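Numbering (this note's numbering), first residue to last: 10 to 75.
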């Protein structure tokens with residue numbers, strides 16, 4: 010990235026269910042895509058998928074197929 014380029018940002022909303030073990034909740038994107046997760050690794054995986062494309066893999070594949 011050169012000095013004049015700005016990184017693309019993705020705004021996410023994280024909702025956590027209180028008092029639940031393991032951690033559980035959902036992440037929503039600006040576009041309205043929502044991914045539910047249960048567990049720390051699932052949270053990390055959801056963030057990675059959404060961060061790389063802005064939407065979960067399943068939604069991207071369905072859009073390409075349709």
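C-beta atoms are modelled at their ideal positions from N, C-alpha and C, and glycine is treated no differently. Bear in mind the structure is a predicted one, so any value in this text is a computation, not a measurement.
For residue j and residue i, the rounded distance between their alpha carbons
i: residue 48; j: residue 23; result: 14 Å
i: residue 59; j: residue 38; result: 8 Å
i: residue 25; j: residue 42; result: 16 Å
i: residue 34; j: residue 27; result: 9 Å
Local Cβ density within 10 Å of residue i, reported as buried at 16 or more and exposed below that
i: residue 52; result: buried
i: residue 55; result: buried
i: residue 29; result: exposed
i: residue 71; result: With a pLDDT of 48 at residue 71, under the threshold of 50, the predicted position of this residue should be treated as unreliable, though the coordinate-derived value follows. Label assigned to residue 71: exposed.
Local conformation of residue i per DSSP, three classes
i: residue 25; result: strand
i: residue 18; result: coil
i: residue 31; result: coil
Worksheet item: What are the start and end residues of each continuous alpha helix (DSSP H) run of 4 or more residues lying completely inside the stretch 36-66, in chain order?
Response: 49-62
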